[in-house]
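Structure first, then comments.
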RNA sequence: GCGGAUGUGUCUAAGUUGGAAUAGAUCUCGCUUUAAAAGCGGGUGCAGUAGUGCCUCGUGGGUUCGAGUCCCACCAUCCGUACCA
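Numbering (this note's numbering), first residue to last: 171 to 1098.
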């Protein structure tokens, strides 16, 4: 038996693939392209199981598509700007660039060891000046189009990372990177007008084939709502406040207004009044609160009256103005009209501060009483107390009232979004410098495109506080490109999510200093957009929304023709592992508690429960170790077969063991010659040929849908079936076809082992570049399905009986085929069931046939059984002759299988008590 | 609270337009072997000395000749989200 040596074979092929550069691709206008992409990683220096899974799924699919004659773009690069490099510089005095480069080369080695079929010629790094030059290019183009702007505002500040964060990066009030609570700081920062694209970001979701889950998350994040702007004039003030509401129908129920405490007008209003002191202390209290604490639904709604009024735009009533922590300055006008009768939050506030409640919507079923209400009425009803709108259904009143406001020019219909503009300034060194110069005379001046890139300086000092860029005199001091006098550079760098917002286009045409555009349009138009993107769910509203924005923005710059960057998205599941868990405390054992087998807190014995791999639990597995022990193909096989790509994958020793066993066995099954070679073709060969084609067909269907686990499952089944065939003796031609089939089908999953087998089989081309196999559709007929199914059933039945009577060896088996009349009965019966399911009716018609009448007792039983579950009885059946011939043909298979004699008889030939029992497709089985 | 999922014989999963409950793993028995490993064969919801019957796809209803699949209600778990006016 041939023994497979994964280490030797895998490295042999990895070297050959690389030396001959076989995965290099270029534009071939006549060939259909396919773009497979996994998110390029941050070069942390160490590959984890998640990476292994991500890349293996992508590589498997890329290889499959490549073998199906697509021109496959499958690149890899590194998202190499980011804080860990800078932190290493601060903590250990290591140069961030050197640190990054050495991590990249280490990580690349690990990736190559998996056998991934990347076109390494297209490798890109964010920290390459050739690359980030175009980050700056995009920034300046956006600045020119007024999509980039500078603004003073409250921003999320992470203390541990000592930088500003975008809203998307501070979800739930926590820093996306370090999980620290973020604070609010008032700073001048650069923003990108992602809001301009809000509507298209929403509608574009209909153009892509993404998991609904991700689409929903993006929809919620963008948060479109249709409503009305209503102008409320202010008392003793020329201005009016233009508030946004989705409930214009409740306009007549407004009894107070609430402003966000940081609204800039309020300072003026309270100045010198008796409210000033109280307001100031309230303001200080609120502003100290973290934004996400403040907007927590459970937190008490606090506020105060500030002595100011506005005027109801229609009734002209005086409306008191309050400030409260529950109003967000950044959304809408930073102020709301409060309708306590019909909004629960307003209701609670009104009750607390004794503000009147005015009912303007009356429910259909009962009557509301403002004094007795215990909660707001938020459902549908009829308008009251609303002048000419009384009697209208409230939903139609929204439109009617908005129209009136429009007529009076004191309001209009509008759309509002939760999405905020993207704050991209970061007070950190290891990122792309923002190409802006501040000149005392000319103000804010963008660096001319010809002067790009603005390089990151090397003469910086890394201290624990402040932006290191500020310490570089050579960087800060420059001259104004317009007037030539000395000027200062912007020292903030860009959010690293900028880099990953266009890298997928860069792979099509990697950046070069010679070009003054990021990539050439015709090349990107050929390769783009990404056909299949594979990544984690964690980027649902970070990278995946930014990249969509950039795609639309750069399309509008005329750089390419795509509306959406990623056509299909697969969000891969997590890698888990069984881990000690205390069911009483609902808690997993931490890394330092693993030596005990009971819970540290309550002493309960741990049970094993699956949990995601994490360093703090100490349950991580290093992919390097797996590859060293079992080889890359086994690791790949395990990852692809362990679970479908979307669901969680449990790591287990048994699983990887099985994978390794399978790879080794299959190798020897494929290359060891069969012991018996038959001269002539038999039905056994037809059977395996049929089965082979069925598997090719199934595998294709599964692979196309990216149901890789299904595909692998099919291949495993065929391998086991094929092995039986091989042991029974083979017919050369069919045998060779099976070998080729398995080798090809298995190649995207286990590329090294199959490449080796391919060579041993005498092929002199690379299997990686060979063509996929088509199945012979002509054998996949209904009739063949039926026949081979019949064989399966017979074998199962014989087995069952054999087990039941506890016989180890059999002397002979008789198969008795049903009488001719039963076949006639079946076809007649199925005809009738098309019309009626009534047993009496059917029997009546059937026994009119005098040939059948004599069997009426048996027929009644059969009909009853068939009607009980008609789906159980296949409508395709063979004629008595066909069935008899088929059983005669398959006789040798059954004889071999049970190592006994088999005789095929017809019911009419024998006189036996059991003869009545045979049915078409269900012969009577008698074994001795 | 809102939104999105998920629930299938011990485990991990398939299960298309409703039409015979599918794989794989685990465990276990037998064969093989000096032994181990590997391999091969059988079993793995229940009952059964004949190809069968019955149970079971989170729970309870409903539609249907027929439901894992469709409809309604509920339960459990996971994920996302957070006063967005």
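Even for Gly, the Cβ is constructed at its ideal location relative to N, Cα and C.
All values derive from a computational prediction rather than experimental measurement.
Residues sharing a beta bridge with residue i, DSSP
i: residue 1013; result: Residue 1013 is not bridged to any residue.
i: residue 503; result: Per DSSP, none; premise fails for residue 503.
i: residue 736; result: 700
i: residue 490; result: 479
i: residue 344; result: 351
i: residue 615; result: 607
i: residue 186; result: In DSSP, residue 186 forms no bridge with anything.
i: residue 656; result: 649
i: residue 985; result: 1074, 1095
i: residue 412; result: 401
i: residue 750; result: 778
Reduced DSSP category for residue i - H, G, I as helix; E, B as strand; rest coil
i: residue 782; result: strand
i: residue 355; result: strand
i: residue 379; result: strand
i: residue 820; result: strand
i: residue 243; result: strand
i: residue 385; result: helix
i: residue 774; result: coil
i: residue 922; result: helix
i: residue 221; result: helix
i: residue 855; result: helix
i: residue 175; result: coil
i: residue 794; result: helix
i: residue 847; result: strand
i: residue 578; result: coil
i: residue 832; result: helix
i: residue 882; result: helix
i: residue 590; result: coil
Nearest-angstrom beta carbon gap, residue j and residue i [assumed within contact, 8 Å]
i: residue 888; j: residue 865; result: 4 Å
i: residue 404; j: residue 480; result: 5 Å
i: residue 603; j: residue 663; result: 6 Å
i: residue 361; j: residue 592; result: 6 Å
i: residue 807; j: residue 833; result: 6 Å
i: residue 716; j: residue 750; result: Their Cβ separation, rounded to whole angstroms, is 40 Å, which puts residue 716 and residue 750 out of contact at 8 Å.
Nonlocal neighbours in the same chain, by C-beta distance under 7 Å from residue i, ignoring five residues either side
i: residue 1015; result: 1002
i: residue 223; result: 742, 745, 809, 819
i: residue 179; result: 922, 923, 926
i: residue 300; result: 681, 682, 683
i: residue 1026; result: 1017
Residue i versus residue j: straight-line alpha-carbon distance, rounded
i: residue 284; j: residue 803; result: 8 Å
i: residue 375; j: residue 342; result: 24 Å
i: residue 788; j: residue 761; result: 4 Å
i: residue 594; j: residue 869; result: 46 Å
i: residue 654; j: residue 733; result: 41 Å
i: residue 527; j: residue 540; result: 6 Å
i: residue 796; j: residue 805; result: 7 Å
i: residue 842; j: residue 184; result: 24 Å
i: residue 312; j: residue 534; result: 53 Å
i: residue 974; j: residue 1097; result: 12 Å
i: residue 1100; j: residue 401; result: Any question about residue 1100 goes unanswered here, given that the chain covers just 171 to 1098.
i: residue 627; j: residue 645; result: 6 Å
i: residue 693; j: residue 309; result: 23 Å
i: residue 553; j: residue 572; result: 15 Å
i: residue 639; j: residue 302; result: 17 Å
i: residue 521; j: residue 397; result: 26 Å
i: residue 623; j: residue 607; result: 13 Å
Residues near residue i by beta carbon distance below 6 Å, same chain, minus five either side
i: residue 286; result: 225, 229
i: residue 672; result: 720
i: residue 238; result: 942
i: residue 568; result: 418, 419
Cβ shell of residue i (< 8 Å), same chain only, five flanking positions each side left out
i: residue 1088; result: 986, 987, 988, 989, 992, 1077, 1094
i: residue 847; result: 899, 900, 901, 902, 905
i: residue 211; result: 221, 248, 249, 277
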